[in-house]
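Chemist:
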Amino acid sequence: MERIPVLRMGPLLLITIQVDMHDKLALQLQDDVTRHISDFGSTGVLIDISSLEIVDSFIGRMLANIAAMSRVLGADTVVVGMQPAVAITLVELGMSLPGVRTALSVEAGMELLMGAVAEPRHGADNERSQA
Amino acid sequence: MNDLAEIISQNAELIQKQWIAGMAKSVQRSDLISKAELDEQSRAILDAIVAGIKTDGPTNVSGRGWDSARELLREISGSRARQGFSQIDVATFILSLKQPVFSGIRTAMAKNQDRLFETIWAATELLDRLALVTTEAYTTTREELITRQQQELLELSTPVVKLWDGILALPIIGTLDSARTQVVMENLLQSVVATNSKYAIIDITGVPTVDTLVAQHLLKTITAARLMGAECIISGIRPQIAQTIVHLGINLEDVVTKAKLSDAFALALQRSGRAVVRQTAPVNALNNVFVKRED
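Protein chains in written order, with the working numbering: chain A, 1 to 131; chain B, 1001 to 1295.
1. Between residue 45 of chain A and residue 75 of chain A, is the Cβ-Cβ spacing less than 9 Å?
2. Name the chain B residues whose beta carbon is nearer than 9 Å to that of residue 42 of chain A?
3. For residue 128 of chain A and residue 100 of chain A, what's the separation of their Cα atoms in angstroms?
4. Counting Cβ pairs closer than 8 Å, one from the region 102–115 of chain A and one from the region 1097–1114 of chain B, do we hit at least three?
5. Is residue 1275 of chain B buried or exposed, if buried means 16 or more other CB atoms sit within 10 Å of its CB?
6. Out of B:1167, B:1181, B:1178, state which residue places its alpha-carbon closest to the alpha-carbon of residue 1262 of chain B.
7. Below 8 Å on the Cβ atoms is my contact criterion, and I expect residue 54 of chain A with residue 20 of chain A to pass it. Report the Cβ-Cβ distance as a whole number of Å.
8. Does the beta-carbon distance from residue 1084 of chain B to residue 1032 of chain B come in below 9 Å?
9. Nearest to residue 36 of chain A by CA position, among A:91, A:63, A:14, is which residue?
10. Is residue 1231 of chain B helix, strand or coil when you go by DSSP?
11. If residue 60 of chain A sits next to residue 93 of chain A, beta carbons under 8 Å apart, how far is it from one beta carbon to the other, in whole angstroms?
12. Would you say residue 1196 of chain B lies against chain A (beta-carbon separation less than 9 Å)?
13. Does residue 92 of chain A come within less than 9 Å of chain B when only Cβ atoms are used?
14. Starting from the C-beta of residue 1119 of chain B, find all residues in its chain whose C-beta is less than 8 Å away, skip the five residues before and the five after it, and write them out in chain order.
15. Since residue 1122 of chain B and residue 1055 of chain B are thought to touch, with beta carbons under 8 Å apart, how far apart are those beta carbons, to the nearest angstrom?
16. Judging by CA-CA distance, which residue of B:1051, B:1086, B:1088 is the nearest neighbour of residue 1070 of chain B?
17. Against chain A, does residue 1212 of chain B count as a neighbour if the rule is that its beta carbon must be under 9 Å from one of theirs?
18. For residue 1267 of chain B and chain A, any beta-carbon pair shorter than 9 Å?
19. Exposed or buried, residue 1159 of chain B, counting other C-beta atoms within 10 Å across all chains shown (16 or more means buried)?
20. Kindly list the residues whose CB is nearer than 8 Å to the CB of residue 1068 of chain B, restricted to its own chain and excluding five residues on each side of it in sequence; keep chain order.
21. Quick check: what's the CA-CA separation for residue 1087 of chain B versus residue 1139 of chain B?
22. Taking the beta carbon of residue 1221 of chain B as the centre, do at least 16 other beta carbons fall within 10 Å, making it buried, or is it exposed?
23. If the cut is a Cβ gap below 7 Å, which residues of chain B does residue 102 of chain A touch?
24. Three or more C-beta pairs closer than 8 Å, one from the region 1215–1234 of chain B and one from the region 72–88 of chain A: is that the case here?
25. Which residues of the region 68–85 of chain A have a Cβ closer than 9 Å to any Cβ of chain B? Give them in chain order.
26. List the residues that DSSP assigns as beta-bridge partners of residue 44 of chain A.
27. Compute the Euclidean distance between the alpha carbons of residue 1133 of chain B and residue 1017 of chain B, then round it to the nearest angstrom.
28. Using the three-state DSSP reduction, which class does residue 1205 of chain B fall into: helix, strand or coil?
29. In chain A, which residues lie less than 8 Å from residue 1186 of chain B when you measure between Cβ atoms?
30. Between the Cα of residue 63 of chain A and the Cα atoms of A:73, A:42, A:95, A:11, which residue gives the shortest distance?
31. With DSSP as the reference, label residue 123 of chain A as helix, strand or coil.
32. Can you tell me the Cβ-Cβ gap for residue 1214 of chain B and residue 1244 of chain B, rounded? I've got them flagged as a contact below 8 Å.
33. Could you check if residue 1076 of chain B is buried or exposed, using at least 16 other CB atoms within 10 Å of its CB as the buried criterion?
34. To the nearest angstrom, how far is the alpha carbon of residue 1082 of chain B from that of residue 1137 of chain B?
35. Any beta carbon from chain B within less than 9 Å of residue 51 of chain A's own beta carbon?
36. Taking any Cβ of chain A, which residues in the region 1088–1106 of chain B have a Cβ under 9 Å from it, in chain order?
Here it is, written out as structure tokens:
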């Protein structure tokens, strides 16, 4: 059966959504993510939706649900790479995904999660010394 | 009812002369239109009217025989609308034809009262309808103008400016309505992706009033940007607007707001881990210049 792979990278889980999400797939993903977090003790979940071009209220709720479930299990969630059209659609649907952190790219999201895992604001200091 | 056509075509010279003289008294705008142009236009209209009456009769102005007359009037009214004539000027252009035509009819039919009255009634009805055609054409032209200007305004006023690596500014000028917000939102989000910017400053110095609807549009834009991973700062809030926002009870507490664009830029720099430092070097630089000159 088709399913979305959940990759484990150290303390993080990496999920890249590259196919059209349908309801069954989304529910399966929720199952997988929660099981992985509790199995591996992950502290961060990174969901890359840069290939997602169509979104509906169900997918929006699913993202919010995954974030909420992860938080219950002690992991931060970052959604990265949302397309402008998708963002506009979600806002028009009235889903502002409160409680879900976002970043522009996988790199930025990873930095955000690692920053949250390690010392806070460490990255900012580094950047300042370079600038 | 070919009497009317005959009278007009026979007395065309006289009618045209009186017509132009009448217009000169009331509405002719010599600052906007030349005498020669007016001569040409009035001659063409008289010809078209005669042709129209001959083919379709004086009452059936929407008929095919009147096509050329209607087209001509539309053209003239349209060009006058663009030149800055008022609607009254344009309508009076045709209506001031009444007096010369009526006097032409009176001279021709002085002996037969019944026919005189009938012909005059036909003429007045015809000229009124033609005047309506000009008014309609005038309004249509003005409406086209307004639509085009709206479109231009929409394209003109939503630039997204890159202030620094990863920092965008979006100066908004003019009132935000739904259509403009859509354009602004799309522009901003596309630029955020294209330049990979983490901070976007929305400057509303040029927005004259902020009501609940404008605030709601702004919040939508900010939420969409946040969903993509960019952070928005609102700047350029004038004192009156700050008061309005509080009086209206608009909740901007989840949004970072600053009074000046420079404050917002400083904040964005600080958040991205940068700082602007004053250099103490200018004195040395000046010295170098002086040394070079002495050489």
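Ideal Cβ positions, reconstructed from N, Cα and C, are used throughout, including at glycine.
Modeler: On the basis of the coordinates in this document:
1. Indexing the first sequence from 1 puts residue 45 of chain A at position 45. Indexing the first sequence from 1 puts residue 75 of chain A at position 75. Cβ atoms of residue 45 of chain A and residue 75 of chain A: closer than 9 Å.
2. To locate residue 42 of chain A, count along the first sequence from 1; it is residue 42. In chain order: nothing, as chain B lies at least about 21 Å away.
3. Locating residue 128 of chain A in the first sequence gives position 128, where the first residue counts as 1. Locating residue 100 of chain A in the first sequence gives position 100, where the first residue counts as 1. Caution is warranted here: a pLDDT of 41 is assigned to residue 128 of chain A, below 50, making its placement in the model unreliable, and the coordinate value is therefore given only provisionally. Each residue's alpha carbon lies about 27 Å from the other.
4. no
5. What you label residue 1275 of chain B is simply residue 275 of the second sequence in a count that begins at 1. When all chains shown are included, residue 1275 of chain B counts as exposed.
6. Your numbering for residue 1262 of chain B matches position 262 in the second sequence. Considering only alpha carbons, the answer is B:1167.
7. Your numbering for residue 54 of chain A matches position 54 in the first sequence. Your numbering for residue 20 of chain A matches position 20 in the first sequence. That belief holds up - the Cβ atoms of residue 54 of chain A and residue 20 of chain A are roughly 7 Å apart, short of 8 Å.
8. What you label residue 1084 of chain B is simply residue 84 of the second sequence in a count that begins at 1. What you label residue 1032 of chain B is simply residue 32 of the second sequence in a count that begins at 1. Yes, the pair counts as a contact, with Cβ atoms nearer than the cut-off.
9. Here residue 36 of chain A is taken as the residue at index 36 of the first sequence, counted from 1. Taking only the C-alpha atoms, the option nearest residue 36 of chain A is A:14.
10. Counted from its first residue, the second sequence places residue 1231 of chain B at position 231. If DSSP states are grouped into helix, strand and coil, residue 1231 of chain B belongs with the strands.
11. Translated into positions along the first sequence, residue 60 of chain A becomes position 60. Translated into positions along the first sequence, residue 93 of chain A becomes position 93. Sure, about 6 Å apart at Cβ, within 8 Å.
12. The residue labelled residue 1196 of chain B in the question sits at position 196 within the second sequence. Judged by the 9 Å Cβ criterion, residue 1196 of chain B is in contact with chain A.
13. Against the first sequence, residue 92 of chain A aligns to sequence position 92. By this cut-off, residue 92 of chain A is an interface position.
14. Within the second sequence, the letter at position 119 stands for residue 1119 of chain B. So the list reads 1001, 1003, 1004, 1007, 1105, 1109, once near-sequence residues are dropped.
15. What you label residue 1122 of chain B is simply residue 122 of the second sequence in a count that begins at 1. What you label residue 1055 of chain B is simply residue 55 of the second sequence in a count that begins at 1. Contact doesn't hold; Cβ gap of about 15 Å is too wide.
16. Within the second sequence, the letter at position 70 stands for residue 1070 of chain B. Looking at the Cα atoms, B:1051 is the closest of the given residues.
17. For the purposes of this step, residue 1212 of chain B is taken as residue 212 along the second sequence, with counting starting at 1. No, residue 1212 of chain B does not count as interfacial toward chain A.
18. Position 267 of the second sequence, counted from the first residue, corresponds to residue 1267 of chain B. Closer than 9 Å: no.
19. For this step, residue 1159 of chain B is matched to residue 159 along the second sequence. Flag for residue 1159 of chain B reads exposed.
20. Within the second sequence, the letter at position 68 stands for residue 1068 of chain B. Excluding residues within five positions, the ones whose Cβ falls inside 8 Å are 1048, 1051, 1052.
21. What you label residue 1087 of chain B is simply residue 87 of the second sequence in a count that begins at 1. What you label residue 1139 of chain B is simply residue 139 of the second sequence in a count that begins at 1. Spanning the two alpha carbons is a distance of roughly 8 Å.
22. For the purposes of this step, residue 1221 of chain B is identified with residue 221 of the second sequence, where counting begins at 1. Per the 10 Å Cβ criterion, buried.
23. Along the first sequence, read from residue 1 onward, the residue named residue 102 of chain A stands at position 102. Those within 7 Å of residue 102 of chain A in chain B are 1226, 1227, 1228, 1229.
24. yes
25. 78, 79, 80, 81, 82, 83, 84, 85
26. Numbered from 1 along the first sequence, position 44 holds the residue referred to as residue 44 of chain A. Its beta-bridge partners are A:12, A:76.
27. Residue 1133 of chain B sits at position 133 when you count from the first residue of the second sequence. Residue 1017 of chain B sits at position 17 when you count from the first residue of the second sequence. Roughly 23 Å separates the two Cα atoms.
28. For the purposes of this step, residue 1205 of chain B is taken as residue 205 along the second sequence, with counting starting at 1. Of the three classes helix, strand and coil, the one that applies to residue 1205 of chain B here is strand, per DSSP.
29. As a working mapping, residue 1186 of chain B is identified with position 186 in the second sequence. Within chain A, the residues near residue 1186 of chain B are 84, 88.
30. Locating residue 63 of chain A in the first sequence gives position 63, counting from the first residue. If we check each option's Cα against that of residue 63 of chain A, A:95 comes out closest.
31. Your numbering for residue 123 of chain A matches position 123 in the first sequence. Residue confidence is low: residue 123 of chain A scores 40 on pLDDT, short of 50, so the model does not pin down where it sits. Its coordinate-derived value is still stated next. Residue 123 of chain A falls in the helix class under three-state DSSP.
32. Sequence index remark: in the second sequence, residue 1214 of chain B carries index 214 (1-based). Sequence index remark: in the second sequence, residue 1244 of chain B carries index 244 (1-based). Going by Cβ atoms, the distance from residue 1214 of chain B to residue 1244 of chain B rounds to 10 Å, so no, they are not a contact pair.
33. Walking along the second sequence from the start, residue 1076 of chain B turns up at place 76. Per the 10 Å Cβ criterion, buried.
34. Here the question's residue 1082 of chain B lines up with position 82 in the second sequence. Here the question's residue 1137 of chain B lines up with position 137 in the second sequence. Cα to Cα, the separation comes out at about 11 Å.
35. The sequence position of residue 51 of chain A within the first sequence is 51, counting from 1. With 9 Å as the cut-off, residue 51 of chain A does not count as an interface residue toward chain B.
36. none
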